[in-house]
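Here the structure is laid out as structure tokens; the discussion comes afterwards.
Chains as they are written, first to last, in my numbering: chain W, 42 to 228; chain R, 859 to 953.
So this is what it looks like as structure tokens:
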């Protein structure tokens with residue numbers, strides 16, 4: 042057997058954490074993702090499965106922060122579902138079993154990098170990064186936007202000072218650079 | 859210029875990219891007798907009206923949806939914004 046060591050999106054053996062007085066940027070290595078797109082004519086059946094899985098269907102611009110599976114709306118009849126990687130590493134296969142022919146399921150864990158930004162200055166930092174109305178957003182609000190020329194999802198999490206950013210994994214270091222620059226600029 | 863996205867509300871036009879005439883939705887029938895001529899016109903011939911124009915916009919920095927935006931090319935006034943998929947299905951496409 043091969044003895045392979047996984048690395049994080051930023052290339053480390055453990056997720057990177059950058060702590061400032063006013064903000065903490067944490068690379069979150071523990072999320073498994075898969076996208077779900079309802080097939081034509083099967084939208085209602087797809088929503089039914091989603092409701093059973095998450096407790097509710099994520100509406101436009103909203104997430105359902107359910108445990109263990111959570112999900113947010115990406116567009117009409119399209120959702121991103123996530124769950125802890127330790128228990129759901131094969132989330133796409135697990136979801137495909139549930140959705141069957143009602144939806145197309147694509148594994149997304151390898152496509153996205155996840156950063157958690159927490160701290161008193163979260164809103165100030167977010168305003169420097171992207172054009173989302175962070176001060177109006179409440180827990181569970183999701184926006185797709187552009188950060189540093191990269192298409193990202195910005196999710197307001199349950200804690201008042203916590204925002205989660207999903208960005209393209211292949212540009213993880215670029216996105217991290219943008220986050221670090223913004224954090225330094227509000228110090 | 860602000861585009862009032864049917865799902866997401868008013869968004870700045872810098873979030874969108876422009877494709878052009880919404881007639882691109884009406885792809886000709888490749889099996890028709892006149893298919894060669896039809897596709898020539900579909901690919902190359904466009905009206906360029908000074909006034910109201912239906913055009914396709916892509917919400918690249920948003921939810922990546924395609925929109926049909928009715929815009930006045932003289933004043934940039936926008937009178938109607940629809941999801942392109944609803945327009946296409948209304949024309950009997952995607953069945």
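For glycine and all other residues, C-beta sits at the position ideal for the given N, C-alpha and C.
Note to self: At the level of alpha carbons, what is the spacing between residue 140 of chain W and residue 930 of chain R?
What the structure shows: 44 Å
Next item on the list: Could I get the ranges of all uninterrupted alpha helix (DSSP H) runs contained in the segment 94–178 of chain W, with 4 residues as the minimum, in chain order?
Entry: 126–129, 132–140, 163–170
Next item on the list: Kindly say whether residue 951 of chain R, judged by its beta-carbon, lies nearer than 8 Å to any beta-carbon of chain W.
Entry: no
Next item on the list: Note down, one range per segment and in chain order, each alpha helix (DSSP H) of at least 4 residues found wholly within the segment 42–79 of chain W.
Entry: none
Notebook entry, point to check: Would a C-beta distance cut-off of 8 Å place residue 915 of chain R and residue 928 of chain R closer than the cut-off?
Noted result: no
Next item on the list: Report yes if the CB atom of residue 159 of chain W is closer than 8 Å to the CB atom of residue 189 of chain W, and no otherwise.
Entry: no
Note to self: Just to confirm the assignment, what range does the beta strand (DSSP E) spanning residue 937 of chain R have?
What the structure shows: 936–941
Item checked: Reference residue 923 of chain R; option with closest CA among R:906, R:943, R:907 -> R:943
Notebook entry, point to check: What first and last residue would you give for the alpha helix (DSSP H) that runs through residue 896 of chain R?
Noted result: 893–902
Next item on the list: Leaving out five residues on either side along the sequence, give the residues of the same chain with a beta carbon under 8 Å from the beta carbon of residue 952 of chain R.
Entry: 943, 946
Notebook entry, point to check: Among W:94, W:138, W:142, which one has its Cα closest to the Cα of residue 122 of chain W?
Noted result: W:94
Checklist line | Nearest residue (CA-CA) to residue 65 of chain W, options W:163, W:169, W:195 | finding: W:163
Notebook entry, point to check: What in chain W is Cβ-close to residue 941 of chain R, meaning under 9 Å?
Noted result: 117
Checklist line | Cβ pair count under 8 Å reaching 3, the segment 42–61 of chain W against the segment 105–120 of chain W | finding: no
Check: Around the Cβ of residue 224 of chain W, are there at least 16 other Cβ atoms within 10 angstroms (buried) or fewer (exposed)?
Finding: buried
Next item on the list: Have a look at residue 866 of chain R and residue 110 of chain W and give me their C-alpha separation to the nearest angstrom.
Entry: 25 Å
Next item on the list: Answer with yes or no whether the minimum CB distance from residue 871 of chain R to chain W is below 8 Å.
Entry: no
Notebook entry, point to check: By DSSP, does residue 865 of chain R sit in helix, in strand, or in coil?
Noted result: coil
Check: Quick one: Cα of residue 209 of chain W to Cα of residue 73 of chain W, how far?
Finding: 14 Å
Next item on the list: Could you tell me whether the Cβ atoms of residue 173 of chain W and residue 195 of chain W are closer together than 8 Å?
Entry: yes
Notebook entry, point to check: Do we get a CB-CB distance below 8 Å when we pair residue 77 of chain W with the residues of chain R?
Noted result: no
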